[in-house]
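The next block holds one structure in the form of structure tokens; read it before the comments.
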Amino acid sequence: MTFNLCKTNRRRNAHLSANRFQARVSARPRPEILWFHNQQLMLPSKDVVFHFDESTGTAILIIVDAFSEHAGQYSCQARNSAGDATCTATLTVTSEGKKLKPSFLQKLKYQSVLVGEPVVFQCKLSAYPSPKVTWFHNNKQIPQSLRKIIKNKNCMDMHDSSLEVKDVLEEDSGSYKIFAINSEGSAESTASLLVIQGSEQNAKYLEFLRKSKCTQEHIEHMMQKKRDDRVKVDLRCIGSPFDKKQETEKALTNFETQKPEVVMSDTITFSINEPAV
1 MTFNLCKTNR RRNAHLSANR FQARVSARPR PEILWFHNQQ LMLPSKDVVF HFDESTGTAI
61 LIIVDAFSEH AGQYSCQARN SAGDATCTAT LTVTSEGKKL KPSFLQKLKY QSVLVGEPVV
121 FQCKLSAYPS PKVTWFHNNK QIPQSLRKII KNKNCMDMHD SSLEVKDVLE EDSGSYKIFA
181 INSEGSAEST ASLLVIQGSE QNAKYLEFLR KSKCTQEHIE HMMQKKRDDR VKVDLRCIGS
241 PFDKKQETEK ALTNFETQKP EVVMSDTITF SINEPAV
């Protein structure tokens, strides 16, 4: 008896056309054909169809609509009075996610760095199918190199991309852009890189910029917190509500509402003289 399973290591998407396995069998007398899924005997159903063509010696297994539970190892066993033979194949079912055009969840941020230091731009986006990602510096595409390293990480419809520039030079300053595109659309994010000479004066200036950035983020956080605050008014009436009815109505008439105000106790003005480039 000779035996061969024609289709092996098949990978199909869920909800697509039927998945078919074929086995070529040569045997006398006519063999009995058994199909197994993960070593469990399979029985015919509306989604699983068996067929054996004696004229060609072809055993066929058809899975009408594949779902995740259909993934795994499939075995076809042919046996008769002379013996038996078995061959296996694998079916991998991948679910097709909802199609999404690229959308940035974390955009590029402004960076400032001293000459000779490394800098990393990174972002996070959602997209399906997986987008093609391209990085640009001053509108020129950035090729992968030993000094400029591009890394992409994909997980389902979530994608991370980063650009690391080692040993930054003065000419690395300027505008950096990431462009992502798939069949559903495109998106881009842009940020600037400021490269500063490594003198003591410029180092202090860089530290000043970093502190200013932290101060700005803190102020924005406090302002947002103030916006989220709500005015709460508790009215309490002690004694009979009938005795206090007129007093309460009068108090409500004289009560004036006022929208919240944000008052800064100090005003800080930064005067920045940027160094000549």
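Residue numbers (full-length UniProt numbering): 1 to 277.
Cβ atoms here follow ideal geometry from the backbone N, Cα and C, with glycine treated the same way.
Here the structure is a predicted model, which is why all the values come from computation and not from measurement.
Quiz item: Expressed to the nearest angstrom, what Euclidean distance is found between the alpha-carbon atoms of residue 121 and residue 24?
Solution: In a straight line, the C-alpha of residue 121 is about 56 Å away from that of residue 24.
Quiz item: Three-state secondary structure (DSSP) at residue 53?
Solution: Here residue 53 sits in strand by DSSP.
Quiz prompt | CB of residue 162 within 9 Å of CB of residue 123, strictly | solution = Against a cut-off of 9 Å, the Cβ pair of residue 123 and residue 162 comes out as a contact.
Exercise. Go through the UniProt domain "Ig-like" (102-194) residue by residue and report every complete run of the beta strand (DSSP E) that reaches 3 residues or more, in order.
Key: Here the runs fully enclosed are 111-114, 119-128, 132-137, 148-155, 158-165, 174-182.
Quiz item: Excluding the five sequence neighbours on either side, which residues of its own chain have a C-beta within less than 6 Å of the C-beta of residue 144, listed in chain order?
Solution: Counting only Cβ-Cβ distances below 6 Å, and skipping sequence neighbours, we find 150.
Quiz item: Excluding the five sequence neighbours on either side, which residues of its own chain have a C-beta within less than 7 Å of the C-beta of residue 47, listed in chain order?
Solution: Once the five neighbours on either side are set aside, the close Cβ partners of residue 47 are 63, 64, 65.
Quiz item: Do the CB positions of residue 185 and residue 102 come within less than 9 Å of each other?
Solution: Note that the C-beta distance between residue 185 and residue 102 is below 9 Å.
Self-check item: Residue from 31, 35, 196, 99 whose Cα sits closest to the Cα of residue 117
Solution: Minimum Cα distance to residue 117 is reached at 196.
Practice problem: Kindly indicate the opening and closing residues of the beta strand (DSSP E) around residue 37. | Solution: First-last of the beta strand (DSSP E) with residue 37: 32-37.
Quiz item: What are the start and end residues of the beta strand (DSSP E) that includes residue 25?
Solution: Its beta strand (DSSP E) spans residues 19-26.
Quiz item: Just how far apart, CA to CA, sit residue 127 and residue 191?
Solution: Roughly 21 Å between the two C-alpha positions.
Self-check item: Alpha-carbon to alpha-carbon, residue 42 and residue 20
Solution: Residue 20 and residue 42 have their C-alpha atoms some 15 Å from each other.
Self-check item: Close Cβ partners of residue 88 (< 6 Å) along its chain, the five nearest in sequence each way excluded
Solution: Same-chain partners within the cutoff: 73, 75.
Quiz item: Skipping 5 residues on each side, what residues in its chain have a beta carbon closer than 7 Å to that of residue 37?
Solution: For residue 37, the CB contacts under 7 Å within the same chain, skipping 5 residues up- and downstream, are 72, 74 in chain order.
Quiz item: What residues are listed by DSSP as bridge partners for residue 47?
Solution: Partner(s): none; residue 47 has no beta bridge.
Quiz item: Who are residue 68's beta bridge partners in DSSP?
Solution: Looking at the DSSP assignment, residue 68 forms no beta bridge with any residue, so it has no partner.
Quiz item: For residue 182, which of 40, 45, 133 has the nearest alpha-carbon?
Solution: Of all alpha-carbon atoms in 40, 45, 133, the one lying nearest the alpha-carbon of residue 182 is that of 133.
Exercise. Since I believe residue 148 is in contact with residue 165 (beta carbons under 8 Å), could you give me their beta-carbon distance rounded to a whole number of angstroms?
Key: At roughly 5 Å, the Cβ-Cβ gap stays under 8 Å, so residue 165 and residue 148 are in contact.
Quiz item: To the nearest angstrom, how far is it from the Cα of residue 67 to the Cα of residue 77?
Solution: Computed Cα separation, rounded: 24 Å.
Quiz item: Just how far apart, CA to CA, sit residue 104 and residue 111?
Solution: In a straight line, the C-alpha of residue 104 is about 18 Å away from that of residue 111.
Self-check item: Element boundaries [beta strand (DSSP E), containing residue 82]
Solution: Segment: none, residue 82 is in no beta strand (DSSP E) and carries neither H nor E.
Quiz prompt | Short Cβ contact (9 Å threshold) for residue 172 with residue 137 | solution = Yes, these two residues count as a Cβ contact at 9 Å.
Quiz item: Taking the alpha carbon of residue 298 as the point to measure from, which residue in 45, 51, 141, 57 has its own alpha carbon closest?
Solution: The structure shown does not extend to residue 298, since the chain is modelled only from 1 through 277, so no value can be given for it.
Quiz item: Excluding sequence positions up to five away, which residues of its chain have a Cβ less than 7 Å from the Cβ of residue 109?
Solution: The answer, listed in chain order, is 191.
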